[in-house]
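All remarks here apply to the structure that follows.
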């Protein structure tokens, strides 16, 4: 299986795409979030991920930089259903409150001949914290991250080789997540900026962490592989170098600061 990072940026970036990624098993794909616009379609095309091959999507929360790209996917997949070019059902997983939000936006913005598939071939599937679903043949457990801004879920996935990948959403790790994240081989965690630039970007006011804190956490939890994302975009050319330099002072595992489009073998 492989992990493709489609976007790495926070809500306000313009030099990269908003944070979203896809886990793939050959021609089957599990998309996590969709960014903030129709650029998601271009990015998927560039990575040779066909819409016809996406049957599972998870939306972590309602913020526009994670949600609005989904509206374009629903529109395009709905059109393909009408054209007889999409087989099976698209499952969109999210917490129950987000189901209503997605239904409302799609009903107001997508023509009826496409929106009619919602509830039939495009299924909005609410999940509870602690609930496990089978996706790509793997158990995926969704959990509430305890956000104070907007209700948000993360997930842990047991890969075919029994290794564990966990995603904490786009906020700092909360102790309520320990039961799900503990023992992870891969941890995906936000890092809004460098610690030395916290006074410039004010991550704590936005309930985000810095590279230093994310790495200290991974070290404490004994995570062997840490992926940092949801960053600022003022250091795109040097971001990997700068973040790794700061992070390795506090973390002894394998640290990854991906570019948009980067692929990892899991």
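Residue numbers (the UniProt record's numbering): 1 to 266.
Beta carbons are placed, not taken as given, at the ideal position from N, Cα and C, and that holds for glycine.
Quick caveat: nothing in here was measured; it's all calculated off a predicted structure.
Item checked: Whole-angstrom distance between residue 59 and residue 153, CA atom to CA atom -> 8 Å
Notebook entry, point to check: Three or more beta-carbon pairs under 8 Å between the segment 249-260 and the segment 2-10, yes or no?
Noted result: yes
Check: Does DSSP put residue 132 in a helix, a strand or coil?
Finding: strand
Notebook entry, point to check: Can you tell me whether DSSP reads residue 93 as helix, strand or coil?
Noted result: strand
Item checked: Chain-order list of residues whose beta-carbon lies under 6 Å from that of residue 186 (same chain, five-residue window excluded) -> 165 and 225
Next item on the list: On a CA-only basis, which of 56, 114, 93 and 160 is nearest residue 84? Give me that one, please.
Entry: 114
Note to self: For residue 173, tell me which candidate among 183, 163, 188 and 161 has the shortest Cα-Cα distance.
What the structure shows: 188
Next item on the list: With a 10 Å radius around its C-beta and 16 neighbouring C-beta atoms as the bar for buried, classify residue 170 as buried or exposed.
Entry: buried
Next item on the list: Take residue 122 as the anchor and find which of 21, 177 and 55 has the nearest alpha-carbon.
Entry: 55
Note to self: Let me check understanding here. Comparing Cα to Cα, which of 92, 116, 28 and 227 lies closest to residue 78?
What the structure shows: 116
Next item on the list: Decide if the segment 177-184 is in contact with the segment 200-217; the criterion is three or more beta carbon pairs, one per stretch, under 8 Å apart.
Entry: no
Next item on the list: Would you decide whether residue 254 is buried or exposed? Buried here means 16 or more other CB atoms lie within 10 Å of its CB.
Entry: exposed
Next item on the list: Please look up how many angstroms separate the CB atoms of residue 22 and residue 4, rounded, as I've assumed it's under 8 Å.
Entry: 5 Å
Check: Do residue 208 and residue 190 have their CB atoms nearer than 8 Å?
Finding: yes
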